[in-house]
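Peer 1: To convert a position in the sequence shown, counted from 1, into our numbering, add 1. Virtual Cβ for every residue (Gly too), placed ideally from N, Cα, C. Being a predicted model, the structure only gives us computed values, none of them experimental. I am attaching a structure below and will ask some questions about it afterwards.
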Amino acid sequence: MDLSKIKTLIDFVGRSNITELTVTEKDVTVRIFRTSPGEAACAEPSQKPESTISLVSDAPASAEKISYAVKAPVFGVLHRAPAPGEPPFVAIGDAVEEGQTLFIIEAMKVFNTIAAPRSGRITRLTDIDNGEVETGDLLAEIA
2 MDLSKIKTLI DFVGRSNITE LTVTEKDVTV RIFRTSPGEA ACAEPSQKPE
52 STISLVSDAP ASAEKISYAV KAPVFGVLHR APAPGEPPFV AIGDAVEEGQ
102 TLFIIEAMKV FNTIAAPRSG RITRLTDIDN GEVETGDLLA EIA
């Protein structure tokens with residue numbers, strides 16, 4: 002992986018709500034993280050092939066609507082279930098706890114677990130399963 006790709010990934014993490022991102026290309030793994038929202042992102046080599054990513058939208062504009070959007074933090078293949086033939090992690094109406102796995106996005110042979118940013122009830126859910134999602138695509142809403 003060349004330095005310009007690493008810099009682009011660092012810039013991406015710095016501009017987003019992502020606190021940790023792990024990318025593997027060929028035999029090189031780069032782990033990019035930040036310890037608090039105000040700090041700049043930094044990178045370090047890592048042997049860990051998975052990462053957990055939570056991405057939350059900004060606070061809602063109106064006080065009446067108290068739902069949080071869970072958006073795709075990276076481009077990749079969205080998996081709604083832990084394995085083929087198994088039930089999905091969540092369905093509309095399910096109550097979820099903060100940190101509970103909602104989806105997995107496979108990007109560059111790395112499986113990124115998308116966790117619930119807060120406790121609540123699933124009010125909206127993408128119908129994409131085993132298909133590609135773009136960065137920023139709405140995956141779910143939690144009220």
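With 16 other CB atoms within 10 Å as the buried threshold, where does residue 79 fall?
Peer 2: Position 78 of the sequence shown, counted from the start, is the residue given in the question as residue 79. Classification of residue 79: buried, given that the 10 Å Cβ count is 16 or more.
Peer 1: By the three-class DSSP mapping on this structure, what secondary structure does residue 121 have?
Peer 2: Your numbering for residue 121 matches position 120 in the sequence shown. Residue state, collapsed to three classes: strand.
Peer 1: Please determine, among 72, 143, 122, 112, the residue with the shortest C-alpha to C-alpha distance to residue 136.
Peer 2: Residue numbering aside, residue 136 sits at position 135 when the sequence shown is read from its first letter. Among 72, 143, 122, 112, the Cα nearest to that of residue 136 belongs to 72.
Peer 1: Out of curiosity, what's the CA-to-CA distance linking residue 28 and residue 74?
Peer 2: In the sequence shown, residue 28 corresponds to position 27, counting from 1. In the sequence shown, residue 74 corresponds to position 73, counting from 1. Cα-Cα distance, rounded: 23 Å.
Peer 1: Is the beta carbon of residue 104 sitting closer than 7 Å to the one on residue 115?
Peer 2: For the purposes of this step, residue 104 is taken as residue 103 along the sequence shown, with counting starting at 1. For the purposes of this step, residue 115 is taken as residue 114 along the sequence shown, with counting starting at 1. Cβ atoms of residue 104 and residue 115: closer than 7 Å.
Peer 1: Would residue 106 and residue 132 be called neighbours here (beta carbons separated by less than 7 Å)?
Peer 2: For this step, residue 106 is matched to residue 105 along the sequence shown. For this step, residue 132 is matched to residue 131 along the sequence shown. No, the Cβ-Cβ distance between residue 106 and residue 132 is not below 7 Å.
Peer 1: Distance check for residue 142 and residue 69, CA to CA, integer angstroms please.
Peer 2: Taking the sequence shown and counting its residues from 1, one reaches residue 69 at position 68. Taking the sequence shown and counting its residues from 1, one reaches residue 142 at position 141. If I take the Cα positions, the gap works out to 5 Å.
Peer 1: Mapping the DSSP letters down to three states, classify residue 34 as helix, strand or coil.
Peer 2: The sequence position of residue 34 within the sequence shown is 33, counting from 1. Three-state result, residue 34: strand.
Peer 1: Sorted by chain position, which residues of the same chain lie with C-beta nearer than 7 Å to residue 88's C-beta, five sequence neighbours on each side aside?
Peer 2: In the sequence shown, the residue the question calls residue 88 occupies position 87. Only 82 meet the Cβ criterion.
Peer 1: Answer with buried or exposed for residue 9, where buried requires no fewer than 16 other C-beta atoms within 10 angstroms of its C-beta.
Peer 2: Counting from 1 along the sequence shown, the entry for residue 9 is found at position 8. Label assigned to residue 9: exposed.
Peer 1: Buried or exposed: where does residue 124 fall if 16 or more other Cβ atoms within 10 Å of its Cβ makes it buried?
Peer 2: Translated into the one-based positions of the sequence shown, residue 124 becomes position 123. Counting Cβ neighbours within 10 Å, residue 124 comes out exposed, since fewer than 16 surround it.
Peer 1: Identify every residue that forms a DSSP beta bridge with residue 87.
Peer 2: Counted from its first residue, the sequence shown places residue 87 at position 86. Answer is none; residue 87 lacks a bridge partner.
Peer 1: Run the CB neighbour count on residue 118, radius 10 Å, all protein chains shown included, and call it buried at 16 or more, exposed below.
Peer 2: Here residue 118 refers to the residue found at position 117 when the sequence shown is read from its first residue. By the neighbour-count rule (16 or more Cβ atoms within 10 Å), residue 118 is buried.
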